[in-house]
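Peer 1:
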Amino acid sequence: MSEGAATLRVEGVTKRFGDFTAVDDLSFEVRPGRVFGFLGPNGAGKTTTIRMIVGITKPDEGKIEYDFPRDEGRHRPSDEGRGTRDEGLEFVSQDYHPAAEAAALVTHNSSLTPASSLVPRPSSLISDRIGYLPEERGLYKKMKIVDQLRYFAALKDVPRSVADERIDRWLARMKLSEWKNTKTTDLSKGMQQKIQFVATVLHDPDLLILDEPFSGLDPVNVEFMIDVLAEFRQEHKTVIFSTHLMETAERLCNDILLINKAKKVVSGSLRQVKEAYGKNLIALRAIGGDAVLKDASLVKQVVEHADEREIELADGADAQLLLRRLVDSGAEITKFEKVEPTLNDIFISAVEEVPRSDMVI
Amino acid sequence: MRKFWAVVRHEYRKIVLKWTFLIGTLLFPVLGLGFAVVPALIFSLKGDPTRLVVVDPTGKVLPRLKDNLSAERFEEKARRAAEEQIGDLNATQEEKMKRGADQLASGFVFVNYNAADKSPDTVRSDLNGMAMRDEIDAYLLIPDGIDAKDAKFEFRSRKAGDFVVSQTLEEALNEAVRSQRLADAHINEGQLKDLSRNVELDSKAINEKGEEKDSGSLFVASLVIGMMIYITLTIYGQVILGAVVEEKETRIAEILFSSARPFQLLAGKLVGVCLAGLTQLGIWVGSLLALFAFLSTQADMSGLVSSVPHITPLMVIYFFLFFLTGYFIYASIFAVIGSMVTTVQEGGQFAFPPIMIMLVGFYLCFAVIRDPNSDLSFWVSISPFFAPMTMPVRILAETPPFWQIALAVAINGLAIAGLIWLAARVYRVGMLMYGKRATVPEVLKWITQA
Numbered sequence: 088m089s090e091g092a093a094t095l096r097v098e099g100v101t102k103r104f105g106d107f108t109a110v111d112d113l114s115f116e117v118r119p120g121r122v123f124g125f126l127g128p129n130g131a132g133k134t135t136t137i138r139m140i141v142g143i144t145k146p147d148e149g150k151i152e153y154d155f156p157r158d159e160g161r162h163r164p165s166d167e168g169r170g171t172r173d174e175g176l177e178f179v180s181q182d183y184h185p186a187a188e189a190a191a192l193v194t195h196n197s198s199l200t201p202a203s204s205l206v207p208r209p210s211s212l213i214s215d216r217i218g219y220l221p222e223e224r225g226l227y228k229k230m231k232i233v234d235q236l237r238y239f240a241a242l243k244d245v246p247r248s249v250a251d252e253r254i255d256r257w258l259a260r261m262k263l264s265e266w267k268n269t270k271t272t273d274l275s276k277g278m279q280q281k282i283q284f285v286a287t288v289l290h291d292p293d294l295l296i297l298d299e300p301f302s303g304l305d306p307v308n309v310e311f312m313i314d315v316l317a318e319f320r321q322e323h324k325t326v327i328f329s330t331h332l333m334e335t336a337e338r339l340c341n342d343i344l345l346i347n348k349a350k351k352v353v354s355g356s357l358r359q360v361k362e363a364y365g366k367n368l369i370a371l372r373a374i375g376g377d378a379v380l381k382d383a384s385l386v387k388q389v390v391e392h393a394d395e396r397e398i399e400l401a402d403g404a405d406a407q408l409l410l411r412r413l414v415d416s417g418a419e420i421t422k423f424e425k426v427e428p429t430l431n432d433i434f435i436s437a438v439e440e441v442p443r444s445d446m447v448i
Numbered sequence: 508m509r510k511f512w513a514v515v516r517h518e519y520r521k522i523v524l525k526w527t528f529l530i531g532t533l534l535f536p537v538l539g540l541g542f543a544v545v546p547a548l549i550f551s552l553k554g555d556p557t558r559l560v561v562v563d564p565t566g567k568v569l570p571r572l573k574d575n576l577s578a579e580r581f582e583e584k585a586r587r588a589a590e591e592q593i594g595d596l597n598a599t600q601e602e603k604m605k606r607g608a609d610q611l612a613s614g615f616v617f618v619n620y621n622a623a624d625k626s627p628d629t630v631r632s633d634l635n636g637m638a639m640r641d642e643i644d645a646y647l648l649i650p651d652g653i654d655a656k657d658a659k660f661e662f663r664s665r666k667a668g669d670f671v672v673s674q675t676l677e678e679a680l681n682e683a684v685r686s687q688r689l690a691d692a693h694i695n696e697g698q699l700k701d702l703s704r705n706v707e708l709d710s711k712a713i714n715e716k717g718e719e720k721d722s723g724s725l726f727v728a729s730l731v732i733g734m735m736i737y738i739t740l741t742i743y744g745q746v747i748l749g750a751v752v753e754e755k756e757t758r759i760a761e762i763l764f765s766s767a768r769p770f771q772l773l774a775g776k777l778v779g780v781c782l783a784g785l786t787q788l789g790i791w792v793g794s795l796l797a798l799f800a801f802l803s804t805q806a807d808m809s810g811l812v813s814s815v816p817h818i819t820p821l822m823v824i825y826f827f828l829f830f831l832t833g834y835f836i837y838a839s840i841f842a843v844i845g846s847m848v849t850t851v852q853e854g855g856q857f858a859f860p861p862i863m864i865m866l867v868g869f870y871l872c873f874a875v876i877r878d879p880n881s882d883l884s885f886w887v888s889i890s891p892f893f894a895p896m897t898m899p900v901r902i903l904a905e906t907p908p909f910w911q912i913a914l915a916v917a918i919n920g921l922a923i924a925g926l927i928w929l930a931a932r933v934y935r936v937g938m939l940m941y942g943k944r945a946t947v948p949e950v951l952k953w954i955t956q957a
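Chains A and B supply the protein sequences, listed in that same order.
Take the position in the first sequence, starting the count at 1, then add 87; the result is the number in this note's numbering.
Take the position in the second sequence, starting the count at 1, then add 507; the result is the number in this note's numbering.
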């Protein structure tokens with residue numbers, strides 16, 4: 088699979104509720120095989136955006152495009168071909184941009200198909216390729232776990248036998264096999280949480296969207312879920328998840344999108360975002376070299392801490408040059424570290440700041 | 508379509524595989540039977556026999572009274588009362604009570620008391636004393652001259668509230684005194700009875716083809732049909748309401764909406780619950796037919812069976828057809844309510860108006876049974892909301908011309924189309940609105956927008 092093709096492309100999407108603009112001209116891309124962190128404070132427009140991506144609501148403006156690998160035999164054990172569906176692609180014309188009246192934007196990626204194979208045909212709905220775990224989630228209270236899971240799988244058009252096999256496998260993984268025939272009300276909240284996750288992945292989605300997936304889980308289960316997500320990434324599936332837990336996001340995400348007040352604040356790979364938000368700070372512990380630190384072309388400011396100094400580089404100054412100069416000056420350096428802001432710092436400063444519209448990375 | 512059927516299957520199984528469905532299916536016939544039998548059964552719980560002293564200076568009334576209160580006479584009376592009760596459900600409450608009393612027949616024990624040569628006051632105080640010592644329950648003082656216009660019969664009972672006892676006694680006494688008076692006037696009692704017996708009014712309705720129908724059993728059958736439709740509509744309307752609210756309350760709606768189109772979900776839900784309702788109705792109608800088939804093989808019951816109005820297969824088809832129209836009308840209303848409210852309790856409050864409309868429809872059935880060809884019957888049996896209950900009753904009472912049935916189906920079909928269109932719009936938006944109940948202006952906005 089080519090790295091360039093984005094699984095999901097959101098372009099200029101706007102959603103209004105009456106006079107309130109929940110999402111304002113939002114654009115971003117999510118690439119396959121990446122974990123995409125969708126961050127923002129409460130009320131920033133995350134859930135509204137996610138709902139548009141999963142097709143629950145339609146954007147007022149803008150377009151959302153999907154690009155999934157062909158799903159030939161996705162739910163079939165082997166050589167059995169898929170029959171023609173009685174329903175075509177549902178989201179094909181999810182293009183609400185007034186200017187763009189172009190033809191269908193959503194197709195399955197035909198370029199990935201070997202030349203010998205048939206012309207790609209839309210064989211399943213976009214919604215069947217997405218697994219969505221909403222933030223506000225629930226299960227049928229008085230229904231057996233296995234019946235609920237079968238129902239959710241059926242709604243994603245998974246054949247019954249395949250669904251049954253996957254239910255058994257996932258329940259075993261979640262160590263919930265013995266609860267298969269129990270009703271929801273007899274399960275603890277954490278168990279219900281895991282069942283909900285199973286419901287999200289039963290149809291083997293290519294794009295997994297998890298809204299606050301870790302809330303209500305104990306640390307052991309959080310670790311377990313992180314492992315599962317890592318697996319998805321290895322299978323080259325795409326994961327979008329939104330969370331308030333910046334530490335988790337920092338651990339898991341390859342890419343970040345931070346929105347605030349309906350607008351994008353920053354997006355890009357975790358590394359890029361961190362660098363963009365870094366203030367060129369260096370933590371230094373050294374004996375000597377004081378003369379170098381007084382060079383205004385290199386150093387803007389020095390803040391003395393208990394056992395180290397925090398150096399703010401002058402605009403345009405290079406940290407490597409500073410290090411070389413310090414070494415040349417004969418200073419004995421025990422610590423020279425470029426200080427990176429944590430995601431938490433970025434989050435807080437971004438939310439407090441005016442959006443940096445010019446910060447395209 | 509596969510997703511639609513998945514929803515149908517899900518909703519159907521959710522209802523039919525529950526214990527409550529089985530119990531409800533069995534309970535309705537049992538309850539129906541209960542309403543007919545239990546009151547009679549309770550009335551027939553006999554109390555202890557009443558210990559009675561009769562002071563009869565004439566010596567002529569007491570033997571007749573004893574005869575009238577004998578066990579054989581009681582049995583005969585009870586049997587006659589039971590027969591009348593089956594034939595005539597139109598009876599007033601008073602008549603019913605009286606019949607109940609007749610069937611009741613708790614006996615009397617005559618206690619001997621020698622009143623000879625005692626003054627009336629002594630007798631009274633004696634008897635009052637016996638009653639207080641719980642030796643007797645009641646006493647009856649018969650005056651000397653029973654023919655006198657101001658002749659006063661005194662009945663005193665410790666069980667004054669037991670209207671059954673006093674009524675039974677009064678009747679028996681009346682009869683005894685009357686026959687004694689007749690005997691005194693040398694009139695042959697048997698002859699008089701023959702001459703003064705009631706006429707038997709054979710009441711049957713005739714339809715346009717001049718065929719006769721038994722009006723009594725027609726009433727019962729119409730009532731049963733009207734009731735069956737009313738009850739199933741109420742039950743399954745509430746089921747829809749509950750199912751919609753559950754998915755909204757538990758936020759399952761969000762997952763569902765990300766998997767299937769809202770209309771698929773709504774339609775699947777309506778159809779799935781509908782099939783469950785049809786299953787239940789089918790069981791009821793089927794077992795009713797089976798019961799009649801069985802009864803008609805029993806010789807002594809064939810009279811009862813032949814009194815049942817003739818039900819053609821076409822009528823059964825109409826019955827189910829109008830159940831379906833009623834179901835889709837009310838179910839879509841309940842779906843709208845379910846997507847507006849936030850909890851089941853709130854839904855219960857809002858369910859009141861449609862249930863009232865259904866109830867009015869049910870009561871209109873009585874007007875239709877009385878006069879199936881009146882203007883009122885015509886209009887209510889073609890109007891939306893009421894037709895599902897009143898038209899089947901009218902068809903049974905006196906089948907209207909086909910165009911009227913077709914008109915009713917067409918009008919209600921249009922109503923269904925409109926309501927489902929409305930429900931789909933409200934459902935789509937309402938199911939994702941959490942936290943607060945939607946106001947009517949909001950709902951109107953959802954309908955007009957999008």
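For each residue, glycine too, the CB sits at the ideal point set by N, CA and C.
Taking 8 Å as the CB-CB cut-off, is S766 (chain B) touching chain A?
Peer 2: Under the 8 Å criterion on CB atoms, S766 (chain B) is classed as interfacial with respect to chain A.
Peer 1: In the DSSP assignment, the beta strand (DSSP E) including D298 (chain A) goes from what residue to what residue?
Peer 2: L294 to D298
Peer 1: Using only the alpha-carbon positions, how far apart do T94 (chain A) and L295 (chain A) sit?
Peer 2: 11 Å
Peer 1: Give me the chain B residues within the contact set of F239 (chain A), using Cβ-Cβ distance strictly less than 8 Å, ordered along the chain.
Peer 2: I762 and S766
Peer 1: What does the alpha-carbon distance come out to for the pair E696 (chain B) and L648 (chain B)?
Peer 2: 25 Å
Peer 1: For K228 (chain A), which of B:D651, B:F615, B:V618 and B:G749 has the nearest alpha-carbon?
Peer 2: B:G749
Peer 1: Does DSSP put S626 (chain B) in a helix, in a strand, or in coil?
Peer 2: coil
Peer 1: Within the 8 Å Cβ cut-off, does K521 (chain B) reach chain A?
Peer 2: K521 (chain B) counts as touching chain A.
Peer 1: Between which two residues does the alpha helix (DSSP H) carrying G925 (chain B) extend?
Peer 2: Start and end: F909 to G937.
Peer 1: For the putative contact between Q787 (chain B) and T739 (chain B), defined by C-beta atoms under 8 Å, what is the C-beta separation to the nearest angstrom?
Peer 2: Going by Cβ atoms, the distance from Q787 (chain B) to T739 (chain B) rounds to 7 Å, so yes, they are a contact pair.
Peer 1: So who's on the other strand from N347 (chain A), going by DSSP bridges?
Peer 2: A:K350
Peer 1: Is there a Cβ of chain A sitting closer than 8 Å to that of E753 (chain B), yes or no?
Peer 2: yes
Peer 1: Does DSSP put S632 (chain B) in a helix, in a strand, or in coil?
Peer 2: helix
Peer 1: Short of 8 Å in beta carbon distance, which residues of its chain neighbour E754 (chain B), apart from the five on each side in sequence? Order them along the chain.
Peer 2: A760, L763 and M938
Peer 1: When you compare the CB of Y153 (chain A) with every CB in chain B, is at least one pair closer than 8 Å?
Peer 2: False, the Cβ-Cβ gap to chain B never drops below 8 Å.
Peer 1: Kindly confirm or deny that the segment 513-530 of chain B and the segment 775-793 of chain B touch, where touching means at least three C-beta pairs closer than 8 Å.
Peer 2: yes
Peer 1: In chain A, what lies closer than 7 Å to K510 (chain B) by C-beta?
Peer 2: L242 and D244
Peer 1: Tell me which residue opens and which closes the beta strand (DSSP E) that F764 (chain B) is part of.
Peer 2: Here F764 (chain B) belongs to no beta strand (DSSP E); instead the alpha helix (DSSP H) covers I759 to F764.
Peer 1: Against chain B, does P156 (chain A) count as a neighbour if the rule is that its beta carbon must be under 8 Å from one of theirs?
Peer 2: no
Peer 1: Give me the DSSP bridge partner(s) of F328 (chain A).
Peer 2: A:G124 and A:L297
Peer 1: With a threshold of 8 Å between beta-carbons, can A913 (chain B) be considered close to chain A, or not?
Peer 2: no
Peer 1: In the DSSP output, which residue or residues are listed as bridge partners for I732 (chain B)?
Peer 2: I732 (chain B) is bridged by DSSP to nothing; it lacks a bridge partner.
Peer 1: Could you give the C-beta distance for I369 (chain A) and E322 (chain A), rounded to a whole number, given that I count them as a contact under 8 Å?
Peer 2: The pair is not a contact, with the Cβ atoms about 40 Å apart (cut-off 8 Å).
Peer 1: Considering Cα atoms alone, identify which of A:T269, A:T335 and A:G149 is closest to E310 (chain A).
Peer 2: A:T335
Peer 1: Can you check whether the C-beta of K228 (chain A) is within less than 8 Å of a C-beta belonging to chain B?
Peer 2: Contacts with chain B at 8 Å (Cβ-Cβ) include K228 (chain A).
Peer 1: Roughly how many angstroms lie between the CA atoms of T741 (chain B) and P300 (chain A), to the nearest whole one?
Peer 2: C-alpha separation (whole angstroms): 40 Å.
Peer 1: How about R932 (chain B): is its C-beta nearer than 8 Å to some C-beta of chain A?
Peer 2: So, not an interface residue.
Peer 1: Counting only C-beta atoms, is I759 (chain B) closer than 8 Å to chain A at any point?
Peer 2: Using beta-carbon distances, I759 (chain B) counts as an interface residue toward chain A, with a partner under 8 Å.
Peer 1: Are the segment 397-406 of chain A and the segment 324-332 of chain A touching by the rule of at least three beta carbon pairs closer than 8 Å?
Peer 2: no
Peer 1: For chain B, find out if any of its Cβ atoms is closer than 8 Å to the Cβ of E424 (chain A); answer yes or no.
Peer 2: no
Peer 1: From S766 (chain B) to L828 (chain B), what does the alpha carbon distance come to, in whole angstroms?
Peer 2: 32 Å
Peer 1: When we look at the beta-carbon of D958 (chain B) and count the other beta-carbons within 10 Å, is it buried (16 or more) or exposed?
Peer 2: Since the first residue shown for chain B is 508 and the last is 957, residue 958 (chain B) is missing from the structure and cannot be characterised.
Peer 1: So, F857 (chain B) versus I836 (chain B), is the Cβ gap smaller than 8 Å?
Peer 2: no
Peer 1: Please confirm whether G783 (chain B) has its beta-carbon closer than 8 Å to some beta-carbon of chain A.
Peer 2: The question names Gly, but residue 783 (chain B) in the sequence shown is Ala. No, its Cβ sits nowhere closer than 8 Å to a Cβ of chain A.
Peer 1: Using a Cβ-Cβ cutoff of less than 6 Å, which residues in the same chain neighbour M898 (chain B) once the five nearest sequence positions on both sides are dropped?
Peer 2: F829, S888 and A915
Peer 1: Quick check: the Cα distance between M637 (chain B) and R558 (chain B), rounded to an integer number of angstroms?
Peer 2: 11 Å
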